[in-house]
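Engineer: Count along the sequence shown from 1, then add 6; that gives the number in our numbering. Note that CB positions come from ideal geometry on N, CA and C, so glycine has one too.
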Amino acid sequence: MAVRFPYRGWLVDLDGTVYLGEQLVDGAAEAIASLRAEKRRVAFLSNKPLQTREEYAAKLTRLGIPASADDVINSSLVLARHLRALDPGAPVFVIGEPPMQAEMRAHGFEVREDAGVRWVVIAFDRTFTYAKLNTALQAVRGGARLIATNPDRTCPVEGGEIPDCAGMIAAVEAVTDQTVEIVVGKPSPIILEVALAALGCAPAESVIVGDRLETDMLMGRRLGLATILVLSGVTRPGDPRIAATAPDHVLRSIRELAE
Ligand SMILES: [Mg+2]
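Written as structure tokens, this is what we have:
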């Protein structure tokens, strides 16, 4: 099948674009295979910090899209790299799941369970508790700063959506009266810089394919990439915000990339 679009660099969102939960979007494997057959550069770009890049690559491979960890850029990796440049080895408290904590340790941070830290790292955390919120509050009272992985309100899964990192961010901001200083995930230029470096492509020759207007499409529009909205995830056909955001192309799903 031939790819219908001319772009050299392809940044492809995962949840809602390539798969929903454990279900591959129909035609996604063939679309990615077509891009690769034409020697386009492809990287998978996810705001989700729940698993490591190796685990996302293994999931893609299992679902029929062969991938290695280097093909995947997610918000936990980008946060760890960004904070390592700002404050290497700092003591941190992580509101997040074990793979997020492991990524911080792998980048040389001292991950602590108490409030004696310089940073509170806020991620999508399905084990978020009052105790974690309290530790974050005490850490901020002691001078800690706030950094987060991603601004998504919800994460699409099979049959619906579940609360995402915006819920953890809002809770911490509400009780501390501090605003999160840095959110590295889409639509931040921080994750895009890492992704384009991985592709070896400039913004003007690249495109982002995604299902979410306020992250995928907004980042592309702001930073000079072409944008392809797919309607297989959280954005419904007829949503008035589609016209307001004005992606370059709107497809029913990633399957329509190639014909
Ligand atoms: Mg998505």
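Which one of 12, 259, 236, 48 has the shortest CA to CA distance from residue 252?
Structural biologist: Position 246 of the sequence shown, counting from 1, holds the residue named residue 252. Nearest option by C-alpha distance: 236.
Engineer: With DSSP as the reference, label residue 136 as helix, strand or coil.
Structural biologist: Along the sequence shown, read from residue 1 onward, the residue named residue 136 stands at position 130. Helix, per DSSP.
Engineer: For residue 272, which beta-bridge partners are listed by DSSP?
Structural biologist: An answer regarding residue 272 cannot be provided, because it is not within the stretch 7 to 265 covered by the chain.
Engineer: Check each candidate in 60, 101, 76, 96 and name the one with the smallest Cα separation from residue 47.
Structural biologist: Translated into the one-based positions of the sequence shown, residue 47 becomes position 41. Nearest of 60, 101, 76, 96 to residue 47, Cα basis: 76.
Engineer: Taking the alpha-carbon positions, what's the residue 87 to residue 20 distance?
Structural biologist: The count along the sequence shown starts at 1 and reaches residue 87 at position 81. The count along the sequence shown starts at 1 and reaches residue 20 at position 14. C-alpha separation (whole angstroms): 21 Å.
Engineer: What whole-angstrom Cβ distance do residue 51 and residue 192 have, given they're in contact under 8 Å?
Structural biologist: In the sequence shown, the residue the question calls residue 51 occupies position 45. In the sequence shown, the residue the question calls residue 192 occupies position 186. With a Cβ gap of about 7 Å, residue 51 and residue 192 count as contacting.
Engineer: Between residue 31 and residue 70, what straight-line distance do the alpha-carbon atoms span, to the nearest angstrom?
Structural biologist: Within the sequence shown, numbered from 1, the residue matching residue 31 stands at position 25. Within the sequence shown, numbered from 1, the residue matching residue 70 stands at position 64. Straight-line Cα distance between these residues: approximately 11 Å.
Engineer: On a Cα-Cα basis, can you pick out the residue from 173, 241, 228, 205 that is closest to residue 45?
Structural biologist: Position 39 of the sequence shown, counted from the first residue, corresponds to residue 45. Closest option to residue 45, Cα to Cα, is 205.
Engineer: Whose CB is closer than 6 Å to a heavy atom of ligand 1? List the residues in chain order.
Structural biologist: 19, 21, 22, 23, 216, 217, 218, 239
Engineer: Could you tell me whether any non-hydrogen atom of ligand 3 is closer than 8 Å to the CB of residue 157?
Structural biologist: Only ligand 1 can be found as ligands here, which leaves ligand 3 out of the picture.
Engineer: To which residues does DSSP link residue 29 through a beta bridge?
Structural biologist: Your numbering for residue 29 matches position 23 in the sequence shown. According to DSSP, residue 29 bridges with 26.
Engineer: Just tell me which of 261, 97, 248, 109 has its CA closest to the CA of residue 81.
Structural biologist: The sequence position of residue 81 within the sequence shown is 75, counting from 1. In this structure, 109 is the residue among 261, 97, 248, 109 with its C-alpha nearest to the C-alpha of residue 81.
Engineer: Should residue 181 go down as buried or exposed, given a rule of 16 or more other Cβ atoms within 10 Å for buried?
Structural biologist: Taking the sequence shown and counting its residues from 1, one reaches residue 181 at position 175. So residue 181 ends up on the exposed side.
Engineer: At the level of alpha carbons, what is the spacing between residue 221 and residue 96?
Structural biologist: Your numbering for residue 221 matches position 215 in the sequence shown. Your numbering for residue 96 matches position 90 in the sequence shown. Computed Cα separation, rounded: 29 Å.
Engineer: Give me whichever residues DSSP pairs with residue 160 in a beta bridge.
Structural biologist: Looking up residue 160 in the sequence shown gives position 154. The partner list for residue 160 (beta bridge, DSSP) reads 169.
Engineer: Can you tell which of 23, 11, 18 has the C-alpha that lies nearest to the C-alpha of residue 161?
Structural biologist: Sequence index remark: in the sequence shown, residue 161 carries index 155 (1-based). Taking only the C-alpha atoms, the option nearest residue 161 is 23.
Engineer: My assumption, with CB atoms under 8 Å, is that residue 174 sits in contact with residue 101. Please give the rounded CB distance.
Structural biologist: Here residue 174 is taken as the residue at index 168 of the sequence shown, counted from 1. Here residue 101 is taken as the residue at index 95 of the sequence shown, counted from 1. Contact flag correct, Cβ pair sits at about 5 Å.
Engineer: Mind reading off the beta-carbon distance from residue 98 to residue 123? Whole number of angstroms is fine, and I expect it under 8 Å.
Structural biologist: Here residue 98 refers to the residue found at position 92 when the sequence shown is read from its first residue. Here residue 123 refers to the residue found at position 117 when the sequence shown is read from its first residue. Their Cβ separation, rounded to whole angstroms, is 5 Å, which keeps residue 98 and residue 123 in contact under 8 Å.
Engineer: Could you give the C-beta distance for residue 37 and residue 260, rounded to a whole number, given that I count them as a contact under 8 Å?
Structural biologist: If you number the sequence shown from 1, residue 37 lands on position 31. If you number the sequence shown from 1, residue 260 lands on position 254. The Cβ separation is near 5 Å, so the contact holds.
Engineer: Smallest Cα separation from residue 17: which of 246, 199, 244?
Structural biologist: Here residue 17 corresponds to residue number 11 of the sequence shown, with the count starting at 1. Comparing alpha carbon positions, the residue from 246, 199, 244 closest to residue 17 is 199.
Engineer: Assign residue 123 to one of three DSSP states: helix, strand, or coil.
Structural biologist: One-based indexing of the sequence shown puts residue 123 at position 117. Per DSSP, reduced to three states, the secondary structure at residue 123 is coil, with no helix or strand assignment.
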